[in-house]
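Engineer: Residue numbers (this note's numbering): 4 to 347.
Don't be surprised by glycine CBs; every beta carbon is placed ideally from N, CA and C.
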Ligand SMILES: [Zn+2]
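(1) If I follow the unbroken alpha helix (DSSP H) through residue 65, where does it start and stop?
(2) Bridge partners for residue 220 per DSSP, in chain order?
(3) Which of the three DSSP states is assigned to residue 241 in this structure?
(4) Could you say if the segment 64–75 and the segment 162–178 meet the contact criterion of at least three C-beta pairs nearer than 8 Å?
(5) Could you give the DSSP three-state label for residue 147: helix, strand or coil?
(6) Nearest by alpha-carbon distance to residue 251: which of 267, 185, 194, 177 is it?
(7) Going by DSSP, which residues form a beta bridge with residue 86?
(8) Is any heavy atom of ligand 1 found at a distance shorter than 7 Å from the C-beta of residue 185?
(9) Would you mind reading off the limits of the beta strand (DSSP E) that contains residue 133?
(10) Measuring alpha carbon to alpha carbon, tell me which of 118, 136, 228 ends up nearest residue 94.
(11) Since residue 150 and residue 205 are thought to touch, with beta carbons under 8 Å apart, how far apart are those beta carbons, to the nearest angstrom?
(12) With respect to 7 Å, is the separation between the Cβ of residue 124 and the closest non-hydrogen atom of ligand 1 below this value?
(13) Which first and last residues belong to the alpha helix (DSSP H) in which residue 196 is found?
(14) Residues bridged to residue 229 by DSSP?
(15) For residue 25, is the beta carbon positioned less than 7 Å from some heavy atom of ligand 3?
(16) Would residue 208 count as contacting chain C if we go by Cβ distances under 8 Å?
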């Protein structure tokens, strides 16, 4: 959606309520960029004119505003980063990115203060060698749990645990362990078969979650799933492209961030939500997100009751209070951005 135009995707919360009696509450805002597709500037290369509906330069203002409103923020990117316009093609041309040189979109995410990211299907369009050069040296982690090299080794780390210090409602600091796991639509093996066959394997998103999330859950206070896939309705079919809703039903995830489909969810304007998306909007798993992403952005808040907190305490690890209480709301409603059809 708004590929880089207003960087979004959708975010929704999963996980049972858990509230410690009399515990102070810590509110954490989770922001996402997704499907930036190398749209750094508010510029349409094909028409050679400014386009105010796109560009990380404009999205950065939304991120800054969101952070100004909330003391506790995380920012993730959900993939389809390095391909999408002539800038991406220019960098990917032979000799366009020397070993050790920073990919401009990775540099952009660093400048935004991105905490972690996953890869999208378009990351593979230019081949694995270019992708590895592009991600090498990033100052934030890329994770993806449902791809491996042909020999079974990790292509990217499947998960990461970030430690971040946030402030609760009483002003006390808490260091939380943020578990992050990434997923990409497994159709990459069809769409870029010539580049990936014999070098990479891709697995069903939900199966991969079942394999890695329990261990991550045990090591983290909050678990965030970065899912480069859209929302598909209906019963689960193993290997489907848009598995985000089914992923949200997997145990152990507190938040699922979606992307890939270039759509606002839920949306009453064009493009109209498909029937599967309307069914998804009625799903209990999605309701918190409906409130959280009513505008053209992806932002949600998670409330955490800090079982070990006391006013004025120095940074400390919480015990495991960080499950969503199911009372999530987003107070940030940035201005809507015009939708525009875009390649996934
Ligand atoms: Zn995609």
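Structural biologist: Quick look at the numbers:
(1) 59–72
(2) Answer by DSSP bridge pairing: none, since residue 220 is not bridged.
(3) coil
(4) With the cut-off at 8 Å, the segment 64–75 and the segment 162–178 touch.
(5) coil
(6) 185
(7) Note: residue 86 sits in no beta bridge, so no partner.
(8) no
(9) It is not in any beta strand (DSSP E) - residue 133 instead sits in the alpha helix (DSSP H) that spans 131–138.
(10) Here the closest residue by C-alpha is 136.
(11) 5 Å
(12) yes
(13) That run of the alpha helix (DSSP H) goes 196–199.
(14) 185, 260
(15) In the structure shown, ligand 3 is absent; the only ligands present are ligand 1.
(16) The chain labelled as chain C is not found in the depicted structure, where only one protein chain is given.
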